[in-house]
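Residue numbers (my numbering): 9 to 374. The beta-carbon is built from N, C-alpha and C at its ideal position, and this holds for glycine as well. Remember, it's a predicted structure, so these values are computed and weren't measured experimentally.
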Ligand SMILES: [Zn+2]
Ligand SMILES: [Zn+2]
């Protein structure tokens, strides 16, 4: 069927919206009428070729909420009319030993890694590359059933979009990786949408103090609203010294890095306690984010570095919990949203995100 799709005609080029042909869903896919897709900085990195260079047209958008429009013959979890969100995280098979141990999707023994045929074709015959396997900046997209979670009737599509990636990347990283005990200390470096969501996770977990670190005052002001008890601006003070001062010289028990850049992981590690843990959730540039600056001696007292992608969630276990916490007012996901744009104005939405908007929403169907 003919649908509208935002695509970059070549790597690094601006997005254009055009009519394309969408293939029917595969047997294990559902066709989703996309209602909202929020913008994630990963979309911008992927379009620029930072997740792998490519030739020709490509399309992104992975924070999808919508309505199931049609299903392939093997789909059992959803039916047409269901409200859903679609995530890059996928549900494991649920029956292999790794799934039964409760491991997240990456470790499932039965992940379907077969390459799918191109689902979008431009009217000039060119197939459109999809780094994420689907494209949320479109009116319709086909999604593997395992990447779908049902959205409760009282949860808006916008909130569903945030739950697909941006919010869980910060919030669930704190729940699933930090596993804070009430009263333990916490710091996050980088207070964009992911960092602010991490602050909400620290607040729900009972962390104290909760320290927000960012070079932009506007983001530090937002951080206080999301639970920060202290703010540190590295442009004004040495962040390591400031955090050591706040924590009586110990450093924080838990830290999250939610921004990329030279020296940021090093300084966050240095403000983490000698037996604390630093969790990396932000995008990193492969060439300038090596481990060479760390010395093995620094780990002898039990200090740890680990990472998290998409909050290390188990999709259908964690998203319903997040919906319930949102419903009960424990997290304020709506406050993450900045501006709303129509699909035709997608490039303006991305430009606004690059200027620092927290989370912009693209409305793909009215
Ligand atoms: Zn994302
Ligand atoms: Zn499995």
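Across the set 336, 224, 43, the C-alpha of 224 shows the shortest separation from the C-alpha of residue 200. Per DSSP, residue 327 has no beta bridge partner at all. Less than 7 Å separates the beta-carbon of residue 45 from that of residue 370. Restricted to the stretch 231-292, the beta strand (DSSP E) segments that are unbroken, complete and at least 3 residues in length are 238-240, 260-265, 280-288, listed in chain order.
For the pair residue 140 and residue 161, the Cα-to-Cα distance works out to about 27 Å. According to DSSP, residue pairing for residue 73 in a beta bridge involves 44, 93. Annotation for residue 50 indicates a beta carbon within 6 Å of some heavy atom of ligand 1. Residue 358: member of the alpha helix (DSSP H) spanning 354-362, first to last residue. Residue pairing by DSSP places residue 124 opposite no residue, since no beta bridge is assigned to it. Taking all protein chains in view, the Cβ of residue 284 is crowded by 16 or more other Cβ atoms within 10 Å, so the residue is classified as buried. DSSP places residue 111 in the coil class of the three-state scheme, outside both helix and strand. Any heavy atom of ligand 2 within less than 7 Å of a residue's beta carbon puts that residue on the list, which reads 100, 101, 102, 103, 104, 106, 107, 116, 117, 118.
Taking 8 Å as the upper bound for CB-CB distance, residue 125 and residue 230 are not in contact here, some 43 Å apart. Taking non-hydrogen atoms of ligand 1 into account, the C-beta of residue 173 is found less than 6 Å away from one of them. Exclusion of the five residues before and after residue 43 leaves 73, 74, 75, 165, 372, 373 as the residues of its chain whose Cβ lies within less than 7 Å of its Cβ. Exposed is the label assigned to residue 21, since fewer than 16 other Cβ atoms lie within 10 Å of its Cβ. In this structure, residue 209 lies away from residue 248, with their beta-carbon atoms at least 7 Å apart. Residue state for residue 24 is assigned as strand, using DSSP reduced to three classes.
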